[in-house]
Amino acid sequence: MHEYQPSVIEPKWQQQWTQRGTFRMGRPSTKGKKYVLEMLPYPSGSMHMGHVRNYLLGDVYARYFRMLGYDVVHPMGWDAFGLPAENAAIKDGVHPATRTAQNIASFKAEIQTLGYSYDWDLEVNTSSPEYYRWNQWFFLKMLERGLVYRRFSKVNWCGESVKGSVPCNTVIANEQVKDGVCERCDSKVIDKNMPEWAFRITKYSQSLLDALDGLKEWPDRITSAQRNWIGRSEGVEADFAVEGSTEKIRVFTTRVDTIHGCTYVVVAPDHASVAKLTTPAQKAEVDAFVKKMAARSKTERTEEGVEKEGVFTGGFAINPFTRAKVPVWIANFVLSDYGTGAVMSVPAHDERDHEFAVKYSLPIVTVVHPDAKGPFTGEGAFTEDGVLVGSGEWTGKTSAEARTSMAAFLEKAGIGTPKVTWRQKDWGFSRQRYWGTPIPIVYCEKCDPERHGIPVPYAQLPVTLPEIKVEEVLTGKGEPPLAKVASWVNTTCPRCGGPARREAETMDTFVDSCWYFARYLSPHFETAPFDAEVAKKMLPVDIYVGGPEHATMHLLYFRFWTRVMKELGLCTVEEPVTRLITQGIVNGADGFKMSKRRGNGVAPSEIVKKFGADTARGYVVFAGPPERDFDWNDKAVEGIWKFLNRVWTLASDAHDQARGVTHEGPHTGKALEIRKIAHKCLKRTTEAIERLSFNTAIAGIMEAVNALYDPKQGLRELSTVEERAAMNEAVRLLSFILVPFVPHFANELAQAYGATSPLEEQSWPAYDPALVVDDVIPYAVQVMGKLRAEIMAPLAATEAEVRALAEANDNVKAAIAGKTVKKFVFVPKRLVNFVVG
RNA sequence: GCACGAGUGGCGAAACUGGCAGACGCAGCAGACUUAAAAUCUGCAGGCUCUUCAAUGGGCCGUCCGGGUUCGAUUCCCGGCUCGUGCACCA
Numbered sequence: 002m003h004e005y006q007p008s009v010i011e012p013k014w015q016q017q018w019t020q021r022g023t024f025r026m027g028r029p030s031t032k033g034k035k036y037v038l039e040m041l042p043y044p045s046g047s048m049h050m051g052h053v054r055n056y057l058l059g060d061v062y063a064r065y066f067r068m069l070g071y072d073v074v075h076p077m078g079w080d081a082f083g084l085p086a087e088n089a090a091i092k093d094g095v096h097p098a099t100r101t102a103q104n105i106a107s108f109k110a111e112i113q114t115l116g117y118s119y120d121w122d123l124e125v126n127t128s129s130p131e132y133y134r135w136n137q138w139f140f141l142k143m144l145e146r147g148l149v150y151r152r153f154s155k156v157n158w159c160g161e162s163v164k165g166s167v168p169c170n171t172v173i174a175n176e177q178v179k180d181g182v183c184e185r186c187d188s189k190v191i192d193k194n195m196p197e198w199a200f201r202i203t204k205y206s207q208s209l210l211d212a213l214d215g216l217k218e219w220p221d222r223i224t225s226a227q228r229n230w231i232g233r234s235e236g237v238e239a240d241f242a243v244e245g246s247t248e249k250i251r252v253f254t255t256r257v258d259t260i261h262g263c264t265y266v267v268v269a270p271d272h273a274s275v276a277k278l279t280t281p282a283q284k285a286e287v288d289a290f291v292k293k294m295a296a297r298s299k300t301e302r303t304e305e306g307v308e309k310e311g312v313f314t315g316g317f318a319i320n321p322f323t324r325a326k327v328p329v330w331i332a333n334f335v336l337s338d339y340g341t342g343a344v345m346s347v348p349a350h351d352e353r354d355h356e357f358a359v360k361y362s363l364p365i366v367t368v369v370h371p372d373a374k375g376p377f378t379g380e381g382a383f384t385e386d387g388v389l390v391g392s393g394e395w396t397g398k399t400s401a402e403a404r405t406s407m408a409a410f411l412e413k414a415g416i417g418t419p420k421v422t423w424r425q426k427d428w429g430f431s432r433q434r435y436w437g438t439p440i441p442i443v444y445c446e447k448c449d450p451e452r453h454g455i456p457v458p459y460a461q462l463p464v465t466l467p468e469i470k471v472e473e474v475l476t477g478k479g480e481p482p483l484a485k486v487a488s489w490v491n492t493t494c495p496r497c498g499g500p501a502r503r504e505a506e507t508m509d510t511f512v513d514s515c516w517y518f519a520r521y522l523s524p525h526f527e528t529a530p531f532d533a534e535v536a537k538k539m540l541p542v543d544i545y546v547g548g549p550e551h552a553t554m555h556l557l558y559f560r561f562w563t564r565v566m567k568e569l570g571l572c573t574v575e576e577p578v579t580r581l582i583t584q585g586i587v588n589g590a591d592g593f594k595m596s597k598r599r600g601n602g603v604a605p606s607e608i609v610k611k612f613g614a615d616t617a618r619g620y621v622v623f624a625g626p627p628e629r630d631f632d633w634n635d636k637a638v639e640g641i642w643k644f645l646n647r648v649w650t651l652a653s654d655a656h657d658q659a660r661g662v663t664h665e666g667p668h669t670g671k672a673l674e675i676r677k678i679a680h681k682c683l684k685r686t687t688e689a690i691e692r693l694s695f696n697t698a699i700a701g702i703m704e705a706v707n708a709l710y711d712p713k714q715g716l717r718e719l720s721t722v723e724e725r726a727a728m729n730e731a732v733r734l735l736s737f738i739l740v741p742f743v744p745h746f747a748n749e750l751a752q753a754y755g756a757t758s759p760l761e762e763q764s765w766p767a768y769d770p771a772l773v774v775d776d777v778i779p780y781a782v783q784v785m786g787k788l789r790a791e792i793m794a795p796l797a798a799t800e801a802e803v804r805a806l807a808e809a810n811d812n813v814k815a816a817i818a819g820k821t822v823k824k825f826v827f828v829p830k831r832l833v834n835f836v837v838g
């Protein structure tokens, strides 16, 4: 055998796989399909280690399942629209399409050096009209169903640079705002009032929430993040009459049981009733406060540490239960877009109300005691459930009882209703940028004076992005770039044929990733987003691998979209993904996130060049369990390189004697030992792969190789036919076990030992059950739970026999001498324990 | 504050359903080969400690802390600490 040379064998095998179409979807299978998917990347110029790890986790499964006989779908594509290309264009004038095409080419070339088992025939590019026309199609379908609408509202505008950040200069979704800054560029997010298009995702809040219980193979942290994000809250809405007016203030509360203790009402500064509630005497103060609040963003008004502030409107409301007159205030902490924008304040039983009441000397009335014994004696508010006091006919009832019966009372009186409120808002997806999907809407003065928007007819799709002069259109300033392209924006009205203007906004790129997993299955389908027949067979995705940072964005959006696709009859599943795997981050050797600034980055291409793709792959899976972060370690990479060479040496040294040698009949002595090592390793590795424990799979292979090397056993000196045949088999099995992790290496090994086709086209081997058990096995012997000895016993030994062997051991004898054995615990094949008195 | 996750040698980690804690690897130490180094191969390796010239053999402690259940707990239960993530003046 020649020397191990990754730079020679890796391109060779990559070419083989491509030529033979080894990884194509659609092969006949009696076992069914497995759809293995990794989150599609934004094609930046080059890969980072995170990509390598992400795709590898999918690749191990894709290869493994293929060898188990499944029809495997394993596609890759490009999330090609988006801001980086557009921002770069603003800087250097290169058209986003040009740059994107270049990036895809280089990114793809790099991905291919790692030898992933992709079916490149399924490749998808979301920035191609062939793809994004279906975004537009979905938009129109959803518009028809009332799932898309235009609203005028306060939006999150990413436009204020912080510490040199480059703002996106566009609206972003709630999901993209983290702690008041843009999750993408870290610029400050400000409130802006403007029209925008939104998806009615909240129509599915309940469904999205309920189905989380069924996503048993999703990580808890993801389902829990979605649960928090959706934020279901059960309570009631109740009307407070306004004194001296027919006006009502509707409040939302989860604690209607405390309503007898409501001593004031607070509304948001931008609540619709503020003007009507305000008395002439208070007007100046209220106006000043409202103005001051309007100047601040939601984040500035509500983030932690901001002091509660409010003013009295002069108006009063009537508590519907006590008929008491309570003052109405406005305060900074009340949000107009949650609940009804008005709250009944019960300072005795809510921390926040308590703080506000103390600050402004408002009365505090206790209406709930912790229990029948008496009042709460601690500091501040008593916020838990308890027993009602001073609450009329509800006095003496528990909080839970009171909530039910008070809700019924309100409903009967026609002044309230049980109500579920959600934290999740609709998904605003208008973006004031160029490099995205044009929204297929036109505005016609004549047909649509109120500017609701007229849908572009299906027959006119796609509405393609116009050719542009980059430096004129992509300036990063002013109105949406497309509005500057007169030849494009000016069009004719599909209804009256008169002059009209196109919608100049584009869609959030998260729209693209909502359904790409279905498009992969029929990437060039022309009459619908994808072929429903194929989708029926291949969906849902069985394994989806990606980063946990998408918990409340992509992973929520595409669940929503799948529901819509089901309603449209495009697919039969409601949930897109059965099993979700979220991989941890690969940090620099210094423990910090890899970055240019720190100079702690390790480029995959460097590692491939230095050691080959297989070493890079082997290291990344061996470094730790998939979901955990790990720090890069150059030395450990070398360790994998050494390991591969050790395997190579083993196979190489045995090659001339063992290659192709077979032996029928029983193996004995060293030959049996070799076979046992190989079959045990096969069993162990298979089980490890099944439970996503790739690092221990590698460890198991290392152990087997170490055992074959062991000089005490001398297994590498092959003197008989039996031994040669056993070694031949061992190398063959090792190459199978290795192939999901280090495919080029494994195939080269197999080929040197006579394989005529790639291992991925062969079946995953089965271990021989007779070879994975030993005749004599170790037992741990405990006395009172403490380890006292280790003994060997025959596999078939009975409890009494093992006990006799244990009692014969000197250490055990000493430990139980002079004591009576009260109990003898026997765990077959593992351990015995003497309980003595 | 609420929710979720994690905490094991110098380091990355393992221990599948309550059954020998630390597999495998990195770093380390020692040895073989070599003029030498690298590479390779071999051995040692949680802490403390006892017997012994030594090899070896033994004892005690040890999986964030404190309790509990159990013959036996890294694993299950209760309470707490620390770190990470999500949500958060959400009524």
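In terms of this note's numbering, the first sequence opens at residue 2 and continues consecutively. Beta carbons are placed, not taken as given, at the ideal position from N, Cα and C, and that holds for glycine. Keep in mind that this is a model prediction, so the values were computed, not measured.
Coarse secondary structure for Tyr620, derived from DSSP in three states: The count along the first sequence starts at 1 and reaches residue 620 at position 619. The DSSP-derived three-state label of Tyr620 is helix.
Sorted by chain position, which residues of the same chain lie with C-beta nearer than 6 Å to Gly602's C-beta, five sequence neighbours on each side aside? Here residue 602 refers to the residue found at position 601 of the first sequence. In chain order, Met595 place their CB closer than 6 Å to the CB of Gly602, counting only its own chain and leaving out the 5 sequence neighbours on each side.
Could you tell me which of Gly315, Phe357, Thr280, Pro577 sits nearest to Val307, measuring between CA atoms? On the first sequence, residue 307 is found 306 positions in, with the first residue counted as 1. Residue Phe357 is the option with its Cα nearest to Val307.
Using a Cβ-Cβ cut-off of 7 Å (strictly less than) and excluding sequence neighbours within five positions of Glu161, which residues of its own chain qualify? Taking the first residue of the first sequence as position 1, residue 161 is located at position 160. Answer for Glu161: Pro168, Ser188, Lys189, Ile191, listed in chain order.
Please work out which residues of its chain come closer than 6 Å, Cβ to Cβ, to Ala98, disregarding the five sequence neighbours upstream and downstream, and give them in chain order. On the first sequence, position 97 is the one that residue 98 refers to. No residues qualify anywhere along the chain.
DSSP-derived helix/strand/coil call for Cys183: As a working note, residue 183 is residue 182 in the first sequence. Secondary structure at Cys183: strand, using DSSP grouped into helix, strand and coil.
Quick check on DSSP: helix, strand or coil for His370? The residue given as residue 370 occupies position 369 in the first sequence. Three-state result, His370: strand.
I'd like to check one pair, Gly589 with Thr510: are the Cβ atoms closer than 8 Å? Counting from one through the first sequence, the residue named residue 510 turns up at place 509. Counting from one through the first sequence, the residue named residue 589 turns up at place 588. It is not a contact, given that the beta carbons lie outside the stated cut-off.
Where Leu336 sits in the DSSP three-state scheme: Indexing the first sequence from 1 puts residue 336 at position 335. Reduced to three states, the DSSP call for Leu336 is coil.
Take Ile469 as the anchor and find which of Trp79, Tyr435, Met554, Ala726 has the nearest alpha-carbon. Here residue 469 corresponds to residue number 468 of the first sequence, with the count starting at 1. It is Tyr435.
Check whether Ala239 and Val257 have beta carbons under 8 Å apart: Position 238 of the first sequence, counted from the first residue, corresponds to residue 239. Position 256 of the first sequence, counted from the first residue, corresponds to residue 257. Yes, Cβ-Cβ distance for Ala239 and Val257 is below 8 Å.
Is there contact here, the stretch 73–84 with the stretch 99–113, by at least three beta-carbon pairs under 8 Å? The stretch 73–84 makes contact with the stretch 99–113; the number of CB pairs closer than 8 Å reaches 3 or more.
Where does the unbroken alpha helix (DSSP H) through Pro12 begin, and where does it stop? One-based indexing of the first sequence puts residue 12 at position 11. Element bounds for Pro12: 7–21.
First through last residue of the alpha helix (DSSP H) which encompasses Tyr36: Locating residue 36 in the first sequence gives position 35, where the first residue counts as 1. Careful: Tyr36 lies outside any alpha helix (DSSP H), inside the beta strand (DSSP E) at 34–39.
When you compare the CB positions of Val266 and Val275, do they come within less than 8 Å of one another, or not? Translated into the one-based positions of the first sequence, residue 266 becomes position 265. Translated into the one-based positions of the first sequence, residue 275 becomes position 274. No, the pair does not count as a contact, with Cβ atoms beyond the cut-off.
Within the continuous beta strand (DSSP E) that includes Ala174, where are the two ends? For the purposes of this step, residue 174 is taken as the residue at position 173 of the first sequence. Premise fails: Ala174 is in no beta strand (DSSP E) and is neither H nor E.
Relative to the C-alpha of Val535, which candidate in Gly27, Asp271, Glu749 has its C-alpha closest? Reading the first sequence from its first residue, position 534 is the one you call residue 535. Comparing Cα positions, the closest option is Gly27.
Through-space distance from Thr23 to Ser147, alpha-carbon basis: The residue given as residue 147 occupies position 146 in the first sequence. The residue given as residue 23 occupies position 22 in the first sequence. Reading the sequence as shown, one finds Gly at residue 147 and not Ser. Taking the CA atoms as reference points, Gly147 sits about 45 Å from Thr23.
If you count every other CB in all the chains shown that lies within 10 Å of the CB of Thr757, and 16 or more means buried, which is it? Working through the first sequence from its first residue, we reach residue 757 at position 756. Of the residues assessed, Thr757 falls on the exposed side of the cut-off, its CB having fewer than 16 other CB atoms within 10 angstroms.
Tell me whether the beta-carbon of Tyr754 lies closer than 8 Å to the beta-carbon of Val732. As a first step, residue 754 must be located in the first sequence, where it is residue number 753. As a first step, residue 732 must be located in the first sequence, where it is residue number 731. Yes, the Cβ-Cβ distance between Tyr754 and Val732 is below 8 Å.
Which class does Cys159 belong to by DSSP, given the choice of helix, strand or coil? Taking the first sequence and counting its residues from 1, one reaches residue 159 at position 158. In the three-state reduction of the DSSP assignment, Cys159 falls in the strand class.
Determine the burial state of Phe383: buried for a count of at least 16 other Cβ atoms within 10 Å of its Cβ, exposed for fewer. Within the first sequence, residue 383 is the residue found at index 382, counting from 1. Residue environment: Phe383 is assigned as buried (16 or more neighbouring CB atoms within 10 Å of its CB, all protein chains considered).
Taking the C-alpha atoms as reference points, what is the distance between Phe746 and Ser118? Translated into the one-based positions of the first sequence, residue 746 becomes position 745. Translated into the one-based positions of the first sequence, residue 118 becomes position 117. If I take the Cα positions, the gap works out to 15 Å.
Closest by C-alpha distance to Asp449, when choosing among Glu791, Asn229, Ala501, Val347: Position 448 of the first sequence, counted from the first residue, corresponds to residue 449. Checking every option, the nearest Cα to that of Asp449 belongs to Ala501.
Can you tell me the Cα-Cα spacing of Tyr459 and Trp135, whole angstroms? Start at 1 with the first residue of the first sequence, and residue 459 comes out as number 458. Start at 1 with the first residue of the first sequence, and residue 135 comes out as number 134. Taking the straight line joining both Cα atoms gives about 10 Å.
Short of 7 Å in beta carbon distance, which residues of its chain neighbour Lys420, apart from the five on each side in sequence? Order them along the chain. Within the first sequence, numbered from 1, the residue matching residue 420 stands at position 419. Within the same chain, Lys420 has close Cβ partners Gly236, Val237, Glu238, Phe253.
Limits of the unbroken beta strand (DSSP E) element including Lys594: As a working mapping, residue 594 is identified with position 593 in the first sequence. Element bounds for Lys594: n/a, residue is neither H nor E.
For Ser154, list the residues DSSP reports as bridge partners. Taking the first sequence and counting its residues from 1, one reaches residue 154 at position 153. Partner(s): Met195.
Kindly indicate which three-state DSSP category Leu581 falls into: helix, strand or coil? Residue mapping note: residue 581 aligns to position 580 of the first sequence, counting from 1. Residue state, collapsed to three classes: strand.
Based on Cα-Cα distance, which residue from Phe241, Thr255, Arg222, Thr247 lies nearest to Arg233? As a first step, residue 233 is located in the first sequence; it is residue number 232 there, counting from the start. Of the candidates Phe241, Thr255, Arg222, Thr247, the one whose C-alpha sits nearest the C-alpha of Arg233 is Thr255.
Report the option in Ala637, Gln177, Arg647 whose CA atom is closest to the CA atom of Cys159. Looking up residue 159 in the first sequence gives position 158. Nearest in C-alpha terms to Cys159, of all of Ala637, Gln177, Arg647, is Gln177.
Straight-line Cα distance separating Arg560 from Leu645: Taking the first sequence and counting its residues from 1, the one referred to as residue 645 is at position 644. Taking the first sequence and counting its residues from 1, the one referred to as residue 560 is at position 559. Each residue's Cα considered, the two are about 42 Å apart.
Would you mind working out which of Ala614, Leu788, Leu363 sits nearest Val53, comparing C-alpha positions? Position 52 of the first sequence, counted from the start, is the residue given in the question as residue 53. The alpha carbon of Val53 has as its nearest neighbour, out of Ala614, Leu788, Leu363, the alpha carbon of Ala614.
Report the partner residues of Gln783 according to the DSSP bridge assignment. As a first step, residue 783 is located in the first sequence; it is residue number 782 there, counting from the start. Gln783 is bridged to Leu788, Asn834.
What is the rounded straight-line gap between the Cα of Val73 and the Cα of Pro795? The count along the first sequence starts at 1 and reaches residue 73 at position 72. The count along the first sequence starts at 1 and reaches residue 795 at position 794. Across the structure, Val73 and Pro795 are spaced so that their CA atoms are roughly 44 Å apart.
What is the C-beta distance between Leu216 and Thr224, in whole angstroms, given that I count them as a contact (C-beta under 8 Å)? Reading the first sequence from its first residue, position 215 is the one you call residue 216. Reading the first sequence from its first residue, position 223 is the one you call residue 224. Confirmed, Cβ separation roughly 6 Å.
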